[in-house]
């Protein structure tokens with residue numbers, strides 16, 4: 399009996415493996431014709447190539463609940479990440495941290511912290527922190543309390559740099575302990591050493607150490623200079639790894655009063671975030687992916703490889719099982735051993751920039767600009783994961799045009815393009831059934847022949863695949879057909895842009911349009 403027969407025999411259905419709709423907020427797909435197809439849980443063309451690098455294929459880990467084995471492996475068919483809850487009632491979410499079941503957040507509305515229950519639901523309490531860019535949850539104390547730290551480097555809305563310590567009671571209430579507002583100290587990245595010392599990257603003021611005293615107030619201990627722009631910090635053992643403009647600096651932090659510069663190594667791009675364990679240091683490089691360094695003696699780092707995350711790597715987190723990456727338009731998971739990609743998820747908020755990821759005890763947390771999503775992790779489950787390289791196709795209405803979409807399979811199973819559809823006869827697509835190997839890509843040609851059949855309908859194309867994520871079933875790419883040229887920074891809006899106003903009046907837009915350079919603050 400083949401694998402398809404095996405699945406059919408035990409009654410495994412597509413619905414059992416599809417992702418949950420929970421969390422799909424603020425976005426409506428254009429209307430597309432529903433393709434007629436029967437999709438089995440596993441397609442005959444899924445030969446499971448590419449699983450060799452995963453620990454579940456090496457029989458080192460299995461799915462946490464009974465599931466179908468794929469051939470000789472214990473990898474189960476299904477999404478490795480599923481959405482449990484979505485919270486979209488706050489804005490400007492820029493950072494999230496978790497320790498066990500306690501989660502802390504930084505948003506444009508201030509600091510928050512809460513606990514996650516056994517169902518993955520979060521009930522955050524506000525902190526008396528008006529604005530922050532970084533947060534850190536401390537370990538549990540003998541009395542059940544936690545210290546939660548918040549850092550603010552200052553911005554146009556609140557120019558005062560601050561460093562806060564809040565005490566979180568077991569019932570959730572947050573009580574202020576202390577806050578610092580030292581002159582010219584732009585507090586940024588934070589990490590806790592095993593002795594409870596808080597090490598903070600403070601831009602051109604370098605790496606500084608603080609500790610809370612018995613009365614709950616901060617005490618400054620020491621600093622290390624020589625940095626151009628010290629930012630994020632990761633500590634493992636007695637060594638801190640500090641991001642500094644275009645390099646990683648290793649620092650011996652065994653003496654909090656006299657930290658020692660050990661070594662530094664350049665990165666292949668501008669670093670955004672850093673995590674470390676016994677063997678490796680990982681650095682998020684934005685569109686450059688994630689660079690992996692091997693740890694040597696006395697803090698020495700040797701570059702090993704760069705992981706392509708299929709997006710812009712913003713922040714990282716790591717536990718004993720996986721590495722999580724917030725990759726701007728999706729979250730991605732990689733095995734901690736070998737860094738094989740095990741899956742990803744596009745959160746699809748109303749504003750899709752994913753700024754943060756934190757791995758808790760049973761759940762992960764994805765921070766978007768417009769909210770927070772609680773995610774359940776399913777180690778050992780695998781699937782094809784299809785992404786597209788364009789968010790929008792643009793044509794002009796006065797003549798035919800062509801565009802090419804590049805589809806990538808970021809998952810460890812073969813991806814299948816079942817069907818290509820559109821909602822307007824003016825749009826035609828290449829329609830060959832295609833198999834895309836793990837890590838591979840395929841191209842789809844989209845042709846436009848005016849006029850549109852219905853100018854009131856939002857034109858779009860859809861790509862039907864075997865990716866079981868129902869947020870991408872089909873994968874939809876909107877189409878813009880407008881007689882409008884592009885506009886650059888500093889240009890005045892011409893009359894062609896009047897369509898941006900609901901009433902079609904360009905004068906209504908004066909003073910209402912700005913370029914969002916605000917993101918550069920983070």
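In the working numbering, the protein residues as written are 399 to 920.
Just so you know, even glycine gets a beta-carbon here, dropped at the ideal spot from N, CA and C.
Take the Cβ of residue i as the centre, count every other Cβ of all protein chains shown within 10 Å, and call the residue buried at 16 or more, exposed below.
i	result
residue 800	exposed
residue 477	buried
residue 820	buried
residue 526	exposed
residue 696	exposed
residue 842	buried
residue 615	exposed
residue 629	buried
residue 583	buried
residue 586	buried
residue 631	buried
residue 779	buried
residue 581	exposed
residue 612	exposed
residue 436	Because the pLDDT at residue 436 is just 39, under 50, the model does not fix this residue reliably, and the value given afterwards should be weighed accordingly. Exposed, by the Cβ-count rule.
residue 516	exposed
residue 743	buried
residue 554	exposed
Assuming residue i and residue j are in contact, meaning their beta carbons sit under 8 Å apart, how far apart are those beta carbons, in whole angstroms?
i	j	result
residue 578	residue 560	7 Å
residue 609	residue 622	Incorrect: roughly 16 Å between the Cβ atoms, too far for contact.
residue 638	residue 651	5 Å
Taking the alpha-carbon positions, what's the residue i to residue j distance?
i	j	result
residue 624	residue 782	46 Å
residue 848	residue 857	12 Å
residue 817	residue 839	16 Å
residue 572	residue 498	17 Å
residue 794	residue 862	26 Å
residue 714	residue 724	7 Å
residue 721	residue 902	48 Å
residue 758	residue 500	8 Å
residue 574	residue 563	6 Å
residue 689	residue 823	45 Å
residue 873	residue 796	28 Å
residue 740	residue 452	8 Å
residue 487	residue 770	9 Å
residue 382	residue 828	As displayed, the chain neither begins before 399 nor continues past 920, which places residue 382 out of reach and without an answer.
residue 805	residue 659	45 Å
residue 670	residue 734	19 Å
residue 593	residue 682	27 Å
residue 530	residue 549	5 Å
residue 807	residue 460	23 Å
residue 589	residue 617	16 Å
Between residue i and the rest of its own chain, which residues show a CB-CB distance below 8 Å, the 5 nearest in sequence each way excluded?
i	result
residue 677	692, 693
residue 356	This structure leaves residue 356 out entirely; the chain is present only between 399 and 920.
residue 655	607, 619, 620
residue 852	822
Which residues in the same chain as residue i place their Cβ atom closer than 7 Å to its Cβ, once the five residues preceding and following it in sequence are excluded?
i	result
residue 490	505, 506, 767
residue 892	none
residue 772	482, 483, 514, 518, 520, 761, 763
residue 544	500, 535, 536, 538, 566
residue 542	568
residue 711	670, 682, 683, 684, 687, 688, 723, 725
residue 664	644, 645
residue 912	Unreliable placement is indicated for residue 912, whose pLDDT of 43 sits below 50; the coordinate value is still reported in the next sentence. Hits under 7 Å: none found.
Name the two residues that bound the continuous beta strand (DSSP E) containing residue i.
i	result
residue 562	560–566
residue 539	Note, residue 539: premise wrong, no beta strand (DSSP E); not H, not E.
residue 517	Unbroken run through residue 517: none, as it is neither H nor E.
residue 490	Looking at the DSSP string, residue 490 is not in any beta strand (DSSP E), and its letter there is neither H nor E.
residue 765	761–766
residue 619	616–622
residue 770	769–775
residue 505	500–505
residue 585	Premise fails: residue 585 is in no beta strand (DSSP E) and is neither H nor E.
residue 597	596–599
residue 693	688–693
residue 732	729–733
residue 823	No beta strand (DSSP E) contains residue 823, which DSSP labels as neither H nor E.
Leaving out the 5 sequence neighbours to the left and right, which residues in its chain are closer than 6 Å to residue i when beta-carbon positions are compared?
i	result
residue 519	483
residue 502	495, 511, 533, 535, 546
residue 705	687, 688, 737
residue 661	648, 697, 698
residue 826	845
residue 876	790, 858
residue 717	757
residue 703	690
residue 701	691
Given the structure, does residue i come close to the ligand SAH, in the sense that its CB is under 7 Å from one of the ligand's heavy atoms?
i	result
residue 780	The ligand SAH is not part of this structure, which contains no ligands at all.
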